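Residue numbers (UniProt numbering): 1 to 491.
No residue lacks a Cβ here, since even glycine has one placed at the ideal position from N, Cα and C.
None of these values were measured; they are calculated from a predicted model.
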């Protein structure tokens, strides 16, 4: 029998020492004593739980012990009244239980005949205790938080609001941001995680896959929740929590045991592909009913319950105010940092709009282009970007990574199925800027329904975008994808 399991019904009940029936507790505001822990200096969850009125409280074990002794019960008597084992009561009072079950806490509260206020306080202390492993870590064991942003998020207000709302309310528990490399998936996840942590007061744990480590995320966390998160992700994607050399204690709790049913958000940035064991992901979500997952990667996983959020490029046109289009705002903000006088006239603004179109409104491409304004004015930069944008897709100051972004675009195309790549090549070979499903049917000779599925896959991959017009919905291969196709090595 585990420490928190109920007492078996097939054994005779031990005799109880006679005692006065437990009176219902009079409601008095709980107070804290020397058992209090200091409040965290930042906005992370404080170590000590707080009661319904915001007052700081002792830990769960101290609360149970205080209520028990106040009513004159021994641990054995409380165990008999609650149907919880004596060992479980003892472990709870000594704070040895990392994940007190909600039902266990309810049974103890019933046995102690706690009033509504004290019952709520006990439940809150239990919830805080479940997450104490993240709150009590020292500097080497700190929970892995979202990285600090280097610039404001531009042009993504709508997307941000949707993601935050879905995760804050747990309407969606697995939100997967997908899109072309350079679309800003990491930056959007970063902002969403910050909002969820600061405004919704949800604990957030951030994990960046090895491909994202250049953004300053540690690959080898010390002992604590960072290591638990690393082991959990390794188990999901490789099936082996020790892959890569786990340093976790063999007796350490799992991430699920740390989280319990506490509301929390785990972000997996740059996921390498579909989980090797989807059933383990399903079990994690089942065992942690308050957990939400926010994932970024190039392609959907195709799992039950997965909410695919396609992040399209920034808008490049705003007929009423060209400088208010999302892409133009991003480019202008960075251009003014690089060269404050770069955009001063209407002609300059027209050049900015054209640059945004030629770069498809992709944030990574726009920021790279802005770095070249040290050497070019916007009118001069417009011309080479219209002819061959690929050499300008790497930041001017980052010569050691030259060619990385065009290579990422080509790799994304290479991961598509063969028939999808064949259609994309045929579309790139035509002079038409836009195409319809009927055009695809003519190009491939395939049934219209099959053509629709292939185009849908190309849309989700990010290499194709929709174009609304008077003739109905049409589609367009991104200019950068066309440029990458033109310059791809033969064969």
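Pull up the distance between the alpha-carbon of residue 461 and that of residue 86, whole angstroms please.
57 Å
Residue 154 - DSSP class collapsed to helix/strand/coil
coil
Relative to the C-alpha of residue 390, which candidate in 167, 64, 405 has its C-alpha closest?
405
Using a Cβ-Cβ cut-off of 7 Å (strictly less than) and excluding sequence neighbours within five positions of residue 233, which residues of its own chain qualify?
207, 268
With distances taken from CA atoms, which of 314, 290, 315 is nearest residue 102?
290
Can we say the region 287-306 touches the region 315-329, given the rule of at least three CB pairs closer than 8 Å?
no
Assuming contact is defined by CB atoms lying nearer than 7 Å, are residue 365 and residue 393 in contact in what I supplied?
yes
Using CA coordinates, which residue listed in 117, 225, 387, 288 is at the minimum distance from residue 173?
288
Could you give the distance in angstroms between the alpha-carbon of residue 382 and the alpha-carbon of residue 428?
22 Å
So, is residue 71 buried or exposed, given that buried needs 16 or more other C-beta atoms within 10 angstroms?
buried
Reduced DSSP secondary structure (H/G/I, E/B, other) of residue 97:
coil
Through-space distance from residue 108 to residue 123, alpha-carbon basis:
Taking the straight line from one Cα to the other gives about 10 Å.
Could you check which residue in 304, 95, 104 has the C-alpha nearest to that of residue 65?
Selection 304, 95, 104 evaluated against residue 65 yields 95 as nearest (Cα-Cα).
Straight-line Cα distance separating residue 195 from residue 148:
12 Å
Taking the alpha helix (DSSP H) that residue 476 falls in, what are its first and last residues?
Looking at the DSSP string, residue 476 is not in any alpha helix (DSSP H); the run it does join, the beta strand (DSSP E), is 474-477.
For a test of the three-state rule: what should DSSP assign to residue 17, helix, strand or coil?
Because residue 17 sits at a pLDDT of 40, beneath the cut-off of 50, its placement in the model cannot be relied upon, and the following sentence gives the value as read from the coordinates. The answer is coil: DSSP assigns residue 17 none of H, G, I, E or B.
Classify residue 80: buried if its beta carbon has 16 or more other beta carbons within 10 angstroms, exposed otherwise.
buried
Is it the case that the Cβ atoms of residue 60 and residue 125 are separated by a distance below 7 Å?
yes
Within 7 Å of any Cβ in chain D, is that where the Cβ of residue 468 sits?
Absent here is chain D; the protein component of the structure consists of one chain.
Answer with buried or exposed for residue 111, where buried requires no fewer than 16 other C-beta atoms within 10 angstroms of its C-beta.
buried
For residue 227, count the other beta carbons within 10 Å of its own beta carbon; 16 or more makes it buried, fewer makes it exposed. Which is it?
By the 10 Å Cβ count, residue 227 comes out buried.
CA nearest to the CA of residue 422, picked from 454, 449, 436, 321:
454
Does the count of Cβ pairs from the region 257-271 and the region 150-163 closer than 8 Å reach three?
Contact between the region 257-271 and the region 150-163 is not established, with fewer than three Cβ pairs separated by less than 8 Å.
Identify every run of the alpha helix (DSSP H) within the region 312-347, keeping only runs that are complete inside it and at least 4 residues long; order them along the chain.
326-338
Pair within 7 Å by beta-carbon distance, residue 476 and residue 465:
yes
For the putative contact between residue 379 and residue 351, defined by C-beta atoms under 8 Å, what is the C-beta separation to the nearest angstrom?
5 Å
Local Cβ density within 10 Å of residue 340, reported as buried at 16 or more and exposed below that
exposed
Consult DSSP for residue 198 and reduce its assignment to one of helix, strand or coil.
Secondary structure of residue 198 (DSSP, three-state): helix.
If residue 182 and residue 311 are in contact, beta carbons under 8 Å, what's the gap, nearest whole angstrom?
About 10 Å separates the two Cβ atoms, so there is no contact after all.
In terms of residues, what are the limits of the beta strand (DSSP E) holding residue 265?
Taken as a continuous stretch (DSSP letters only), the beta strand (DSSP E) holding residue 265 covers 264-269.
Could you tell me the boundaries of the beta strand (DSSP E) in which residue 177 lies?
174-178
What does DSSP give as the partner residue(s) for residue 464 in the beta ladder?
477
I think residue 373 touches residue 342, with their Cβ atoms under 8 Å apart; what is that distance to the nearest whole Å?
The beta carbons of residue 373 and residue 342 sit about 5 Å from each other, so the pair counts as a contact at 8 Å.
Exposed unless 16 or more other CB atoms sit within 10 angstroms - verdict on residue 270
Buried.
Nearest by alpha-carbon distance to residue 368: which of 349, 335, 307, 353 is it?
It is 335 whose Cα lies nearest to the Cα of residue 368.
Straight-line gap, residue 360 to residue 160 (C-alpha atoms, nearest Å):
20 Å
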